[in-house]
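Undergrad: My questions all concern the structure below.
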């Protein structure tokens, strides 16, 4: 079920990138990033008010847990830099490599309090198949 | 060149870290709070970046009317992505989640290319099928 949700997130991301791409072509990378966040914040504010949800900064929670939005803006900035220097397909492939390495470390060590699922040697075969698929896509 | 490669890999890693950090905040303080703070902090930083960038705010403002209205919906899709990710991230392995999202992106891209542009990239279909095959194999190993 959660795997299905993940695939659905992928569908949403593709449409999002398409729409955001049109916006940034017309207005520029930084203007569009600002507008996208402004719209997102506006929507979230409406939902929070409609649900009468109280938003408060919780001092007992470590401050780095509030860094998600900051990281998201850096993701866009880094992607822009890489896109200009390396082109679209290499940016995508290297980004996926970064995601994979980071995910494997989180899974293996249970970083950030996540559930541990240790890396098994048998999985190397699957990883090689996955990597070859990505290489084919990038080269082709 | 090497710096560009490091930057691209870091961009990918930052996606995964942001997703995990947001989902832990959601578990502690609720889905709405976590998603709200994601946009509040992101909005603030993007405002700073816009101010120090070379982009003219006035020019962007004047051009806003020329952009088709549907192009502004990307921000709303983004909210859905962050909110659903907040729910899913703590439930399944980070690696499988990254890969399944990628597969979802890939095949949506292939379908959009086919219907909007009439292009069918054999390389993408073949590569995508290999990614799915490797993924299924590893899921099988885990069982």
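Protein chains in written order, with the numbering used here: chain A, 1 to 140; chain B, 141 to 283. Idealized CB from N, CA, C, for every residue including glycine. The model shown is predicted, which means the values in this text are computed figures rather than measured ones.
1) Taking 6 angstroms as the limit between beta carbons, can you name the residues of its chain near residue 222 of chain B, skipping five residues before and five after?
2) To the nearest whole angstrom, what separates the beta carbons of residue 160 of chain B and residue 114 of chain A, a pair I think is in contact under 8 angstroms?
3) Along the stretch 175–195 of chain B, where does the CB come closer than 7 angstroms to a CB of chain A? Name the residues.
4) For residue 260 of chain B and chain A, any beta-carbon pair shorter than 8 angstroms?
5) Return the CA-CA distance between residue 185 of chain B and residue 281 of chain B, expressed in angstroms with no decimal places.
6) Tell me where the alpha helix (DSSP H) around residue 247 of chain B begins and ends.
7) Tell me whether residue 28 of chain A sits in a helix, a strand or coil according to DSSP, three-state version.
8) Let me know the secondary structure DSSP gives residue 167 of chain B once reduced to three states.
9) Could you check the C-alpha separation between residue 209 of chain B and residue 24 of chain A for me, to the nearest Å?
10) For residue 126 of chain A versus residue 278 of chain B, is the C-beta spacing smaller than 8 angstroms?
11) Would you verify that the beta carbon of residue 169 of chain B is, or is not, closer than 8 angstroms to some beta carbon of chain A?
12) Quick check on residue 257 of chain B - is its C-beta less than 8 angstroms from some C-beta in chain D?
13) With residue 255 of chain B as the anchor, note down where its alpha helix (DSSP H) starts and where it stops.
14) Mind listing the chain A neighbours of residue 244 of chain B? Cutoff is C-beta to C-beta under 9 angstroms, in chain order.
15) Can you pull the chain A residues whose beta carbon is under 8 angstroms from the beta carbon of residue 205 of chain B, in chain order?
16) If contacts are defined as beta-carbon pairs under 8 angstroms, then residue 69 of chain A and residue 180 of chain B qualify, I think. What distance do you get, rounded to the angstrom?
17) Is it right to say residue 196 of chain B is buried, meaning 16 or more other beta carbons lie within 10 angstroms of its own, or is it exposed?
18) Tell me, please, whether the CB atom of residue 120 of chain A is closer than 8 angstroms to any CB atom in chain B?
19) Drop a sphere of 10 angstroms on the beta-carbon of residue 49 of chain A, count the other beta-carbons inside from all chains shown, and report buried for 16 or more, exposed for fewer.
20) If we define contact as Cβ-Cβ less than 8 angstroms, is residue 254 of chain B a contact residue for chain A?
21) Determine, for residue 231 of chain B, whether the minimum Cβ-Cβ distance to residues of chain A falls below 8 angstroms.
22) Would the stretch 41–61 of chain A count as touching the stretch 237–251 of chain B if we require 3 or more Cβ pairs under 8 angstroms?
23) What does the alpha-carbon distance come out to for the pair residue 107 of chain A and residue 54 of chain A?
24) Just to confirm before moving on: does the CB-CB distance between residue 164 of chain B and residue 71 of chain A stay below 8 angstroms?
25) By the three-class DSSP mapping on this structure, what secondary structure does residue 57 of chain A have?
26) Specify whether the stretch 83–97 of chain A and the stretch 212–232 of chain B touch according to this definition: at least 3 beta carbon pairs, one from each stretch, less than 8 angstroms apart.
TA: So, from the listed chains and residues:
1) Position 82 of the second chain, counted from the start, is the residue given in the question as residue 222 of chain B. The residues are 175, 178.
2) If you number the second chain from 1, residue 160 of chain B lands on position 20. If you number the first chain from 1, residue 114 of chain A lands on position 114. Distance from residue 160 of chain B to residue 114 of chain A at the Cβ level is roughly 6 angstroms; contact confirmed, criterion being Cβ atoms closer than 8 angstroms.
3) Answer in chain order: 175, 176, 177, 178, 179, 180, 181, 182, 183, 185, 186, 187, 189, 190, 193, 195.
4) For the purposes of this step, residue 260 of chain B is taken as the residue at position 120 of the second chain. Chain A contact via Cβ: absent.
5) On the second chain, position 45 is the one that residue 185 of chain B refers to. On the second chain, position 141 is the one that residue 281 of chain B refers to. Between residue 185 of chain B and residue 281 of chain B, the C-alpha separation is close to 42 angstroms.
6) As a position in the second chain, residue 247 of chain B is number 107, starting the count at 1. Element bounds for residue 247 of chain B: 234–252.
7) Position 28 of the first chain, counted from the first residue, corresponds to residue 28 of chain A. DSSP places residue 28 of chain A outside both helix and strand once states are collapsed to three, so it counts as coil.
8) For the purposes of this step, residue 167 of chain B is taken as residue 27 along the second chain, with counting starting at 1. Helix.
9) Numbered from 1 along the second chain, position 69 holds the residue referred to as residue 209 of chain B. Numbered from 1 along the first chain, position 24 holds the residue referred to as residue 24 of chain A. Whole-angstrom Cα-Cα distance: 14 angstroms.
10) Position 126 of the first chain, counted from the first residue, corresponds to residue 126 of chain A. Position 138 of the second chain, counted from the first residue, corresponds to residue 278 of chain B. Closer than 8 angstroms, so yes.
11) Here residue 169 of chain B is taken as the residue at index 29 of the second chain, counted from 1. Interface with chain A (8 angstroms Cβ-Cβ cutoff): residue 169 of chain B is included.
12) Annotation note: the requested chain D is absent from the structure, which comprises protein chains A and B.
13) Numbered from 1 along the second chain, position 115 holds the residue referred to as residue 255 of chain B. Careful: residue 255 of chain B lies outside any alpha helix (DSSP H) and carries neither H nor E.
14) As a working note, residue 244 of chain B is residue 104 in the second chain. Neighbours of residue 244 of chain B on chain A, chain order: 6, 7, 8, 9, 10, 11, 12, 13, 14.
15) In the second chain, residue 205 of chain B corresponds to position 65, counting from 1. Result: empty, since nearest Cβ-Cβ is about 10 angstroms, beyond 8 angstroms.
16) Numbered from 1 along the first chain, position 69 holds the residue referred to as residue 69 of chain A. Numbered from 1 along the second chain, position 40 holds the residue referred to as residue 180 of chain B. 7 angstroms between Cβ atoms; contact.
17) Position 56 of the second chain holds residue 196 of chain B. Burial call: exposed.
18) Within the first chain, residue 120 of chain A is the residue found at index 120, counting from 1. Yes, residue 120 of chain A counts as interfacial toward chain B.
19) Here the question's residue 49 of chain A lines up with position 49 in the first chain. Burial state of residue 49 of chain A is exposed, judged by a 10 Å Cβ sphere holding fewer than 16 other Cβ atoms.
20) Position 114 of the second chain, counted from the first residue, corresponds to residue 254 of chain B. Closer than 8 angstroms: no.
21) Stepping through the second chain from its first residue, residue 231 of chain B is reached at position 91. Yes, residue 231 of chain B lies at the interface with chain A (some Cβ there is under 8 angstroms from its Cβ).
22) No: the two stretches stay apart, fewer than three of their Cβ pairs being nearer than 8 angstroms.
23) Indexing the first chain from 1 puts residue 107 of chain A at position 107. Indexing the first chain from 1 puts residue 54 of chain A at position 54. So the two alpha carbons sit approximately 33 angstroms from each other.
24) To locate residue 164 of chain B, count along the second chain from 1; it is residue 24. To locate residue 71 of chain A, count along the first chain from 1; it is residue 71. No. Outside cutoff.
25) Stepping through the first chain from its first residue, residue 57 of chain A is reached at position 57. The answer is coil: DSSP assigns residue 57 of chain A none of H, G, I, E or B.
26) The answer is no - the stretch 212–232 of chain B does not touch the stretch 83–97 of chain A, with fewer than three Cβ pairs under 8 angstroms.
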